[in-house]
Amino acid sequence: MKKRILWLSLPLALGQASYSYGQNADDALRYSRLQFGGSARTLGIGGANVALGADYGSVSSNPAGLGLYQKSEIQITPGFSIGQGEGTLLNSTKPAGPLSQNANNFNFSGGAVFSSRRSRLGYGNDDSAWKGGAFAIGFTRIADFNGGSNYSGTVNDNTSLLQRLREYRVPLTGTNNGSIEDQYKNGYTTLDGLGYGAFLTEVDTGKRGQDTLLTQTRRGDIVQGERIQTTGSMSQFDLAYGGSYRDKLYIGLGLGIVTSNFHSRRTLTESESDQSTPFVNLALYDDVQTSGTGFNARLGLIYRVVDAVRIGASVQTPTWMRMTDTYSQSLTTNFNSPSNPSENYSPSTGTNQYAYNITTPFRANGGVAVTIGKYGFLTGDIEYVGYQQARLDSNPSSTLGDNADFSDTNAYIQQNYAKAVNLRFGGEARLDIFRVRLGYARYGSPYTATTVLNQSATNLAQNNYTAGLGLRTGNFFLDAAGVYSRYNTYYSPYELSNSASQPTVQVKNDRFTTTLTAGFTF
1 MKKRILWLSL
11 PLALGQASYS
21 YGQNADDALR
31 YSRLQFGGSA
41 RTLGIGGANV
51 ALGADYGSVS
61 SNPAGLGLYQ
71 KSEIQITPGF
81 SIGQGEGTLL
91 NSTKPAGPLS
101 QNANNFNFSG
111 GAVFSSRRSR
121 LGYGNDDSAW
131 KGGAFAIGFT
141 RIADFNGGSN
151 YSGTVNDNTS
161 LLQRLREYRV
171 PLTGTNNGSI
181 EDQYKNGYTT
191 LDGLGYGAFL
201 TEVDTGKRGQ
211 DTLLTQTRRG
221 DIVQGERIQT
231 TGSMSQFDLA
241 YGGSYRDKLY
251 IGLGLGIVTS
261 NFHSRRTLTE
271 SESDQSTPFV
281 NLALYDDVQT
291 SGTGFNARLG
301 LIYRVVDAVR
311 IGASVQTPTW
321 MRMTDTYSQS
331 LTTNFNSPSN
341 PSENYSPSTG
351 TNQYAYNITT
361 PFRANGGVAV
371 TIGKYGFLTG
381 DIEYVGYQQA
391 RLDSNPSSTL
401 GDNADFSDTN
411 AYIQQNYAKA
421 VNLRFGGEAR
431 LDIFRVRLGY
441 ARYGSPYTAT
451 TVLNQSATNL
461 AQNNYTAGLG
471 LRTGNFFLDA
481 AGVYSRYNTY
491 YSPYELSNSA
501 SQPTVQVKND
511 RFTTTLTAGF
521 TF
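Each residue of the sequence shown is one higher than the last, beginning at 1 in UniProt numbering.
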């Protein structure tokens with residue numbers, strides 16, 4: 001069934017993870033915020049390899065680095081991530097302790113580089129200005145969506161989900177207009193319709209035709225809790241080539257084919273212990289699965305200033321993606337009254353699908369690498385991302401799409417998302433056949449200073465601390481790396497007309513990722 005998800009409860013989200021439902025600004029941000037990936041060597045130095053070169057990580061950061069390869073190479077990189085999100089309801093009337101939600105997953109990257117270096121192919125002291133280059137093919141994870149949130153706290157009735165239902169978004173009565181009563185007869189498509197079907201609300205038509213929405217009476221404290229679990233990732237299949245001009249200037253081109261899979265399951269509950277009212281509890285269930293494919297291209301340069309110093313730059317086009325959402329929502333309520341001591345309702349929307357397009361922002365990178373003789377190197381990168389350039393569009397060519405207008409969503413993106421700067425630094429020490437690496441990466445906030453939920457940019461930056469070890473012997477190499485990431489997420493589980501009243505949840509996210517790269521040269 002084709003239906004755009006305007007009807008789902010729309011949380012307002014801030015931070016690395018997004019817990020929103022429906023084609024909106026949070027979806028655009030989810031696929032625009034990338035993470036550094038590639039080989040364990042790249043991860044060990046904080047992803048700072050724009051000017052470094054001669055590493056498989058150049059495929060997705062700066063393909064010019066392939067021009068520095070002297071030999072061909074094949075490598076594989078399995079990895080494992082351990083994550084935890086600790087949720088707290090910030091504006092609870094009776095704060096509860098934070099609750100944690102774990103998210104662990106395996107991942108895999110790998111690829112091959114085929115060198116066409118002229119000296120390697122037997123041209124000897126050939127005086128051609130072009131010294132050859134290398135072609136690479138491979139697969140890299142560029143975003144990890146595994147995460148979650150879990151919180152519990154006390155709210156007032158005027159800040160609860162029932163208050164959201166009082167601020168109904170669709171007509172109360174009428175036919176063929178998606179009204180609450182029409183949904184009750186013909187199938188639910190909105191949260192307002194589900195609330196009506198679950199007997200949380202009732203429509204009073206009135207004698208003069210003025211419809212009024214009535215809601216269940218609740219007294220005392222309301223305990224609200226929410227559990228969210230997200231899984232999935234975004235990966236990129238790369239084809240790239242980098243060439244060397246006089247071993248001074250290196251030029252590279254790359255094409256990326258992106259695949260994405262995201263799955264979110266949410267349960268929001270509210271309960272009341274006051275026995276003077278019939279209401280006992282409610283549970284709202286959301287399930288959203290999104291799959292997509294797209295492509296991008298990148299161009300890169302590296303210039304050798306002197307033997308020990310290289311500077312690099314690369315640009316990546318926007319990624320153009322076609323997405324398909326599969327989603328459902330249901331609401332269960334329980335009541336206890338003298339006439340009916342155990343009364344419950346469970347209306348559901350059923351399963352729906354919708355197709356649309358997302359365009360992620362242009363990206364630009366600059367970097368410097370300094371070689372310290374045979375002892376190692378230091379490297380640093382700076383990346384620019386204009387998150388306000390992300391946009392959503394309809395996909396009328398799909399049988400699951402339509403000509404929906406996303407102008408309001410795109411206006412919100414331009415107003416609330418900002419230009420961000422990401423910084424990456426790293427270094428490697430060489431000890432005979434061994435390598436020791438350290439790195440740090442800070443990814444800036446994608447939000448403007450006036451973004452909702454009143455969180456500063458400092459609270460929304462992501463910090464990554466990395467370390468690694470390596471072994472080089474003959475034609476074989478082995479690298480290991482660990483990345484510890486910390487960042488905060490802030491979101492509201494639903495939107496109220498008075499934004500100051502809606503619940504705000506803080507999630508402290510910690511993730512440790514370990515990878516192992518094994519390969520050989522030939």
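We put the beta carbon where it would ideally sit given N, CA and C, even for glycine.
- request: Count the C-beta pairs between the region 367 to 379 and the region 339 to 348 that are closer than 8 Å, then say yes if the count reaches three, no if not.
  value: no
### Message
Pull the bridge partners of Leu239 from the DSSP assignment, please.
### Response
Ile137, Leu255
When DSSP labels each residue in this structure, what does Lys374 get in the three-state scheme?
coil
**Prompt:** So which of Thr521, Asn488, Asp247, Trp320 has the shortest CA-CA distance to Thr473?
**Reply:** Thr521
Worksheet item: Is the Cβ of Ser244 closer than 8 Å to any Cβ of chain D?
Response: Within the model displayed, chain D is absent; a lone protein chain is all it includes.
Open item on the list: Less than 8 Å between the beta carbons of Arg424 and Ala48, yes or no?
Closed with: yes
Discussion item. Measuring only the C-alpha atoms, how far is Ala54 from Met234?
Written reply: 25 Å
Checklist entry - Can you tell me where the beta strand (DSSP E) with Tyr443 in it begins and where it stops? => result 434 to 443
Requested in this report: Enumerate in chain order the residues of its own chain whose CB-to-CB distance from Asp287 is below 6 Å, with the five nearest sequence positions on each side excluded.
Outcome: Arg265, Ser328
Residues bridged to Ser81 (per DSSP)
Asn105, Thr513
- Quick one: measure Cβ to Cβ for residue 523 and Asn464, integer angstroms, because I've assumed they're closer than 8 Å. The chain is shown only over 1 to 522; residue 523 falls outside these bounds and no answer can be derived.
Checklist entry - DSSP state of Asp182, grouped into three classes? => result helix
Subject >> Under the three-state DSSP convention, the category Val59 falls into >> reply: helix
Start and end of the beta strand (DSSP E) containing Tyr151?
147 to 155
In three-state DSSP terms, what is Gly206? coil
Q.
Buried or exposed for Ala17, going by 16 or more other Cβ atoms inside 10 Å?
A. A caution first: Ala17 carries a pLDDT of 44, below 50, which makes its placement in the model too unreliable to give a value.
Check your understanding: To the nearest angstrom, how far is it from the Cα of His215 to the Cα of Pro446?
Key -> At residue 215 the sequence reads Thr, which differs from the His that was named. Distance between the alpha carbons of Thr215 and Pro446: 39 Å.
task = Find the nearest neighbour of Ser109 within the set Gln506, Thr332, Gly85, Asp144, judged by alpha-carbon distance.
result = Asp144
Quiz item: Where do the ends of the beta strand (DSSP E) carrying Tyr465 lie?
Solution: 462 to 473
Check: Skipping 5 residues on each side, what residues in its chain have a beta carbon closer than 6 Å to that of Phe476?
Finding: Phe520
Nearest candidate by alpha-carbon position, reference Thr359, set Pro318, Asn340, Gln275, Ile372
Pro318
Review point. For Val421, which residues does DSSP report across the bridge?
Key: Tyr384
Q) So Gly44 packs on Ala369, CB below 8 Å; how close in whole Å? A) Not really, about 15 Å apart at Cβ, beyond 8 Å.
**Request:** Starting from the C-beta of Asn104, find all residues in its chain whose C-beta is less than 6 Å away, skip the five residues before and the five after it, and write them out in chain order.
**Result:** Ile82
Buried or exposed: which applies to Ile302, given that a residue is buried once 16 or more other Cβ atoms fall within 10 Å of its Cβ? buried
Exercise. Kindly indicate which three-state DSSP category Ile45 falls into: helix, strand or coil?
Key: coil
(request) Use the C-beta contact count for Ile433: other C-beta atoms within 10 angstroms, 16 or more gives buried, fewer gives exposed. (result) exposed
Quick check on this structure: which residue in Thr231, Arg166, Phe135, Thr189 has the alpha carbon closest to the alpha carbon of Glu202? Arg166
Check: Based on the DSSP output, what are the partners of Ile358 in its beta bridges?
Finding: Met321, Leu392
Rounded Cβ spacing between Phe335 and Val280 (contact assumed at less than 8 Å)
6 Å
Coarse secondary structure for Asn459, derived from DSSP in three states:
helix
| task | Measure the Cβ-Cβ separation of Gln236 and Gly256 and say whether it is below 8 Å. | result | yes
Among Thr293, Thr205, Gly373, nearest to Glu428 - alpha-carbon criterion
Gly373
Along the chain, where does the beta strand (DSSP E) that runs through Asn24 open and close? First-last for Asn24: undefined, no H or E at that position.
ask   = Relative to the C-alpha of Gly300, which residue among Ala64, Tyr56, Arg30 is closest?
value = Ala64
- Message: Quick test of your reading: Val505 and Gly87, contact by CB under 8 Å. State the CB separation rounded to the nearest angstrom.
- Response: 6 Å
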